[in-house]
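Asker:
Number of protein chains: 2
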Amino acid sequence: MTSPPVVKKAARTRQTVDVRRAQLITQGMAFFGTRPYDAVSIDDIAEAAGISKGLLYHYFPTKRDYYAAVLETAAADLLAQTTIDPALAPDLRLRTGLEAYLDFVKARGPAYVALMRGGIGSDPVIAGIVDRVRNHYVDTVLRDLPAPPRPRALRVLLRGWVGFVEVTSLAWLESPAGTISKASLIESSSLVLAALLGDLAP
Amino acid sequence: MTSPPVVKKAARTRQTVDVRRAQLITQGMAFFGTRPYDAVSIDDIAEAAGISKGLLYHYFPTKRDYYAAVLETAAADLLAQTTIDPALAPDLRLRTGLEAYLDFVKARGPAYVALMRGGIGSDPVIAGIVDRVRNHYVDTVLRDLPAPPRPRALRVLLRGWVGFVEVTSLAWLESPAGTISKASLIESSSLVLAALLGDLAP
DNA sequence: TCGCCTCACTGACTTGGGTTCAATAAGCCA
DNA sequence: TGGCTTATTGAACCCAAGTCAGTGAGGCGA
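From first to last, the protein sequence lines are chains A and B.
Be aware that the first sequence starts at 8, since it is given in this note's numbering, and climbs by one per residue.
Be aware that the second sequence starts at 8, since it is given in this note's numbering, and climbs by one per residue.
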C-alpha cells in the first residue's frame with residue numbers, strides 16, 4: 008500500500024453568481040490577452056480558476072460565449088477610457104480622444120491586439136462586438152457634424168477612417184521605438200479626418 | 008442476409024501530385040470562401056473532393072497548412088488582378104489600381120471577406136500572408152516617391168492608408184446599393200493618400 | 001507481356017478538447 | 001435542526017483533427 012496523495016483537495020467554496028462570473032472574466036482577460044483563442048483550453052481556465060470544467064459551463068453556455076463575454080468587457084473598458092467630456096470643443100475632443108485611444112493601445116499592448124484581432128473573425132457575435140465599438144466612434148464623429156449631406160456615404164468613409172486609426176495604432180505598437188511619435192499619429196489622423204470631411208461638405 | 012449495398016464505390020483514381028493539389032486548392036477556395044474556417048471540416052472537403060481524409064493529409068500536413076495554401080492562392084489572385092502597368096503615370100496608376108481592387112472585392116464578394124477576415128488572425132503564418140499583401144501595396148506607393156523623409160514613419164501611415172481602403176471596401180460591399188459609388192471611393196482614397204503624402208513632405 | 005517497384009491512396013484507429021449531465025454539498029431560511 | 005435551492009463536481013460523451021500500416025494503380029525495365 009502506498010501512502011495516500013499528499014495534495015489536499017481545496018475545499019469546495021461556494022461563491023455568489025456575480026463574484027464567480029467576475030472572477031472568470033478577469034481570468035479570461037489574462038488568458039485571451041496572452042494567447043489566441045484556440046490555444047486556450049477550457050481546462051486551462053478551469054484549473055487556473057481553481058474550479059471544475061463543468062462549472063464554467065454553468066456560467067457560459069459555450070466557449071465562444073465565454074470569449075464573447077470577455078471581449079465585451081474589454082470593449083467596455085476601451086470605450087470607457089476613450090469617452091471624452093462632450094463639453095470640450097470638437098477638435099480638442101478629437102485630439103484628446105485619439106490620445107486616449109493610443110494610450111489604451113500602448114497600455115494593453117499585446118492584449119489589445121489579441122482581443123481585437125486574435126479572435127474568431129468569423130463568428131457573427133464576436134464580429135458584432137468589435138463592430139459596435141467601431142460604429143460608436145463613427146457616431147461620435149458624426150454627432151459633431153451639422154446635418155452632413157449624404158450621411159450614408161459619409162458613414163462608409165468614417166468607418167474607413169476608424170480603420171486607418173486602428174491600423175496605424177497597431178503598426179505603431181509593433182514598430183521599433185522612435186519610428187513615429189504619438190503626436191504625429193494624432194496629427195495625421197486628424198488630418199485625414201479633416202480631408203474627408205472637407206471633401207464631402209465643401 | 009440483406010442485399011449488399013447498392014452504392015458502387017467509385018474506383019480509386021490515381022492523379023499526379025500537381026493535378027490533385029490544384030483540385031484540392033480549388034475545392035478549398037469554394038469551402039473557405041463560403042463558410043468560416045472552423046465550420047469546414049476535413050471530412051467535408053474530402054467527401055466533396057471524392058477522396059479519403061488521409062489523402063488530404065498526404066498533401067497538407069495540417070488543416071491550417073491547407074488553409075494557408077488556399078489563402079496564398081487567393082492572395083496571389085488579388086495581387087495579379089491589381090498589378091498595374093508601371094509605365095502609367097503614378098496618379099493614373101493609383102486610380103486604376105484602386106478600381107481594380109474594388110472590382111476584385113465586388114467580384115469575389117463574401118469570399119474575399121471570408122478569406123481575408125474569417126481566417127485565424129492568431130496564426131502567425133496566416134497573418135503573415137495577409138500582411139505580405141498589405142506591405143506589397145505600401146511598397147508600391149513608396150516606389151513612386153523620390154526618397155521621402157522619415158520613410159519608417161511613412162510606412163506606418165501608409166499601412167493605415169491601406170487599412171482605410173480595405174475597410175471602406177468592406178463597408179461598401181455590405182452597404183445597400185447606391186450608398187456610395189465606386190468613383191467616390193477612389194476619389195476619397197486618393198484624397199487621403201495625397202493628404203498623408205503632402206503632410207509628410209511639404 | 002510480365003513482374004516489380006514506387007507512391008498516391010485508403011480506412012480504421014488514436015487523441016484531445018469542447019460539451020453534457022446526474023449526483024453532491026454549501027449556505028440560507030423556516 | 002431539517003429542508004430547499006443551486007453552485008459545484010467528476011465522469012462520460014462526442015466530434016473533428018491527425019496518425020499509420022497497409023493496398024493497388026500505373027509506369028518501367030526486361
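The beta-carbon is built from N, C-alpha and C at its ideal position, and this holds for glycine as well.
1. Fully enclosed by the segment 96-139 of chain B, which beta strand (DSSP E) runs are 3 residues long or longer?
2. I'd like to know whether the C-beta of Ser182 of chain B is nearer than 8 Å to at least one C-beta of chain A.
3. When you compare the CB of Ala160 of chain A with every CB in chain B, is at least one pair closer than 8 Å?
4. With a 10 Å radius around its C-beta and 16 neighbouring C-beta atoms as the bar for buried, classify Gly170 of chain B as buried or exposed.
5. Among A:Val137, A:Val163, A:Leu192 and A:Gly135, which residue has its Cα nearest to the Cα of Arg162 of chain B?
6. Return helix, strand or coil for Thr80 of chain A, following the three-state DSSP convention.
7. Under the rule that 16 or more other beta-carbon atoms within 10 Å means buried, what is Gln22 of chain A, buried or exposed?
8. By the three-class DSSP mapping on this structure, what secondary structure does Arg141 of chain B have?
9. Consult DSSP for Ala37 of chain A and reduce its assignment to one of helix, strand or coil.
10. Just the C-alpha distance for Ala53 of chain B and Asp72 of chain B, rounded to the nearest angstrom, thanks.
11. Could you check if Val14 of chain B is buried or exposed, using at least 16 other CB atoms within 10 Å of its CB as the buried criterion?
12. What is the DSSP secondary structure of Asp206 of chain A, reduced to helix, strand or coil?
13. Under three-state DSSP, which class holds Thr20 of chain A?
14. Less than 8 Å between the beta carbons of Asp206 of chain B and Ser195 of chain A, yes or no?
15. Taking the straight line between their C-alpha atoms, what separation do you get for Glu106 of chain B and Thr69 of chain A?
16. Taking a cut of 8 Å between CB atoms, which residues from the segment 161-174 of chain B lie near chain A?
17. Starting from Tyr44 of chain A and walking both ways along the alpha helix (DSSP H), at which residues does that stretch end?
18. Using a cut-off of 7 Å between C-beta atoms, extract the partners of Pro156 of chain A located in chain B.
19. According to the neighbour-count rule (16 or more other Cβ atoms, all chains shown, within 10 Å of its Cβ), is Thr90 of chain B buried or exposed?
20. Counting only Cβ pairs nearer than 7 Å, list the residues of chain B close to Leu198 of chain A.
21. Using a Cβ cut-off of 8 Å (strictly closer), state whether Ala75 of chain A contacts chain B.
22. Does any residue of chain B have a CB that is nearer than 8 Å to the CB of Ser191 of chain A?
23. With distances taken from CA atoms, which of A:Ala46, A:Ala76 and A:Gly35 is nearest Ala56 of chain A?
24. Are any of the Cβ atoms in chain B nearer than 8 Å to that of Ser195 of chain A?
Answerer: Working from what's here:
1. none
2. Taking the second sequence and counting its residues from 1, one reaches residue 182 of chain B at position 175. Yes - at least one Cβ of chain A is within 8 Å of the one on Ser182 of chain B.
3. Here residue 160 of chain A corresponds to residue number 153 of the first sequence, with the count starting at 1. Yes, its Cβ sits closer than 8 Å to a Cβ of chain B.
4. Within the second sequence, numbered from 1, the residue matching residue 170 of chain B stands at position 163. Answer is buried; the Cβ neighbour count reaches 16.
5. Residue mapping note: residue 162 of chain B aligns to position 155 of the second sequence, counting from 1. Comparing Cα-Cα distances from Arg162 of chain B to each of A:Val137, A:Val163, A:Leu192 and A:Gly135, the minimum goes to A:Leu192.
6. By one-based count along the first sequence, residue 80 of chain A stands at place 73. DSSP places Thr80 of chain A in helix when its eight states are reduced to three.
7. Here residue 22 of chain A is taken as the residue at index 15 of the first sequence, counted from 1. Gln22 of chain A should be labelled exposed.
8. As a position in the second sequence, residue 141 of chain B is number 134, starting the count at 1. Three-state DSSP puts Arg141 of chain B in a helix.
9. Indexing the first sequence from 1 puts residue 37 of chain A at position 30. Here Ala37 of chain A sits in helix by DSSP.
10. Here residue 53 of chain B refers to the residue found at position 46 when the second sequence is read from its first residue. Here residue 72 of chain B refers to the residue found at position 65 when the second sequence is read from its first residue. Between Ala53 of chain B and Asp72 of chain B, the C-alpha separation is close to 15 Å.
11. Locating residue 14 of chain B in the second sequence gives position 7, where the first residue counts as 1. Per-residue confidence for Val14 of chain B stands at a pLDDT of 43, beneath the threshold of 50, marking its modelled position as unreliable; no derived number is given.
12. As a position in the first sequence, residue 206 of chain A is number 199, starting the count at 1. Three-state DSSP puts Asp206 of chain A in a helix.
13. Here residue 20 of chain A refers to the residue found at position 13 of the first sequence. Looking at Thr20 of chain A - three-state DSSP - the assignment turns out to be coil, as it is neither helix nor strand.
14. Taking the second sequence and counting its residues from 1, the one referred to as residue 206 of chain B is at position 199. Taking the first sequence and counting its residues from 1, the one referred to as residue 195 of chain A is at position 188. Cβ distance < 8 Å, so Asp206 of chain B and Ser195 of chain A count as in contact.
15. Numbered from its first residue, the second sequence carries residue 106 of chain B at position 99. Numbered from its first residue, the first sequence carries residue 69 of chain A at position 62. In a straight line, the C-alpha of Glu106 of chain B is about 43 Å away from that of Thr69 of chain A.
16. Arg162, Val163, Leu164, Arg166, Gly167, Trp168, Val169, Gly170, Phe171, Val172, Glu173 and Val174
17. Counted from its first residue, the first sequence places residue 44 of chain A at position 37. Run containing Tyr44 of chain A: none; DSSP gives neither H nor E here.
18. On the first sequence, position 149 is the one that residue 156 of chain A refers to. In chain order: nothing, as chain B lies at least about 12 Å away.
19. By 1-based counting over the second sequence, the position of residue 90 of chain B is 83. When all chains shown are included, Thr90 of chain B counts as exposed.
20. Sequence index remark: in the first sequence, residue 198 of chain A carries index 191 (1-based). Per Cβ cutoff of 7 Å: Ala202 and Asp206.
21. Within the first sequence, residue 75 of chain A is the residue found at index 68, counting from 1. No, Ala75 of chain A does not count as interfacial toward chain B.
22. Translated into the one-based positions of the first sequence, residue 191 of chain A becomes position 184. Yes, its Cβ sits closer than 8 Å to a Cβ of chain B.
23. Working through the first sequence from its first residue, we reach residue 56 of chain A at position 49. When only C-alpha atoms are compared, the closest one is A:Gly35.
24. If you number the first sequence from 1, residue 195 of chain A lands on position 188. Taking Cβ atoms only, chain B reaches closer than 8 Å to Ser195 of chain A, which makes this a yes.
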